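Quick note: the sequence shown uses the working numbering, first residue 1095, plus one each step.
Report on the structure given below.
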Amino acid sequence: MHRLEWTDLDVFREVYEAGSMLDAARVLRCNPSTVSRRIAALETRLGGHLFERGPGRWATTALAERIVPMARQMGEAALMIEQAAGDEADVLAGPITVTAGDAMMRGLLLPALSAFQTEHPGIRLTIVSDDERMDLGAREADVAVRCTPKPPSDLVGRDLGLATTRVYGTPELLTRAAAADSVPCLAWIGDGVFVPDWIEAVGIAEPRVTRVNSVGLMLDAARAGLGLALLPCMLADRVQQLQRLPTDFSDPGWTIWVLSHADVRNTARVRALRDALVVWLRKNADLISGSAAIAAE
1095 MHRLEWTDLD VFREVYEAGS MLDAARVLRC NPSTVSRRIA ALETRLGGHL FERGPGRWAT
1155 TALAERIVPM ARQMGEAALM IEQAAGDEAD VLAGPITVTA GDAMMRGLLL PALSAFQTEH
1215 PGIRLTIVSD DERMDLGARE ADVAVRCTPK PPSDLVGRDL GLATTRVYGT PELLTRAAAA
1275 DSVPCLAWIG DGVFVPDWIE AVGIAEPRVT RVNSVGLMLD AARAGLGLAL LPCMLADRVQ
1335 QLQRLPTDFS DPGWTIWVLS HADVRNTARV RALRDALVVW LRKNADLISG SAAIAAE
């Protein structure tokens, strides 16, 4: 005997309860021919007839009377499975992985995650700072905070505005820049640009360029005095050793998104964490836009 299809048994149960193929089709919201085909397939698998066909109500056979209690139990079990899944989705407990770039995670998000963990002790957080970008589509993480012009289509999230970047350096380097001295600058590895546009835009002549490969490293290098750097205001404004270069130049940067995969967006714990991060980032909107120097703790 071939393995039974649960959906065929569900159709059988509806025909038994309704008494006819037409009435069952209305309940199931499908074509009567579909109901007839599914019943015929089930009868073939069972090796016996379930109904005596007729123009009105279908008469049940002994086989139908024997298996209908079990079909009802399977229907009840299916409802219980759906209910259990719904209950699990609404529970603020269980594991959740959140990821962001290293500098953003350490420089901006940790206070929000600490408050969230305190408020929801049943949730087990895994916090991953990852500049290589974990794959939400492959479920490597549940929630991600990203700076991107446009997130992938299989992700859902909220746009928290542009992360403005400005030029920062130590007081000593800013003094040298004001005196029109040659000032070291920091740039990205592999960006294909020998001297970034911002260096010329702020009037740095004959810069010595040092290249780095991550925001966190650039932030630390600027703090150590290795050079002026174009940095996100939301990170650099919180570093005491750094000051903004007195210039009107700024770069609007990319948009901050709080993202999760479409398949888990309505899971209660994912939704709760995503909402908490959105609230925190909105609270710090002035810091992100570069119009305030201190985060709203």
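We put the beta carbon where it would ideally sit given N, CA and C, even for glycine.
Just so you know, these numbers come straight off a predicted model, no measurement behind them.
Item                                                                                                         : Value
Under 8 Å between C-beta atoms of Pro1243 and Trp1374                                                        : no
Beta-carbon proximity list for Ile1133, same chain, < 8 Å, skipping 5 on both sides                          : Asp1102, Val1105, Phe1106, Val1109, Met1115, Leu1144 and Phe1145
Inter-stretch contact (C-beta, 8 Å, three-pair minimum) for the stretch 1375–1384 and the stretch 1270–1290  : no
Touching by the beta-carbon criterion (3+ pairs, under 8 Å), the stretch 1333–1348 and the stretch 1292–1311 : yes
Close Cβ partners of Val1364 (< 7 Å) along its chain, the five nearest in sequence each way excluded         : Ile1190, Asp1236, Val1237, Ser1354 and Val1358
DSSP state of Ala1389 mapped onto helix, strand, coil                                                        : Its pLDDT being 45, under 50, Ala1389 is placed unreliably by the model, and the measurement read from it follows with that caveat. Residue state, collapsed to three classes: coil.
Of the listed residues Trp1100, Ala1386 and Gly1201, nearest to Arg1338 (C-alpha basis)                      : Ala1386
CA-to-CA distance, Cys1327 to Asp1397, given in whole angstroms                                              : Because the chain is modelled from 1095 through 1391, residue 1397 falls outside the range shown and cannot be assessed.
Short CB-CB distance (under 8 Å) between Val1364 and chain C                                                 : Considering every chain present, this structure includes no chain C. It has just one protein chain.
According to DSSP, residues forming a beta bridge with Phe1343                                               : Its beta-bridge partners do not exist; DSSP assigns none.
Nearest-angstrom Cα separation, counted from Gln1211 out to Arg1240                                          : 21 Å
As assigned by DSSP and simplified to three states, the class of Arg1332                                     : coil
Touch test, the stretch 1303–1311 against the stretch 1195–1204, Cβ-Cβ under 8 Å, three pairs minimum        : yes
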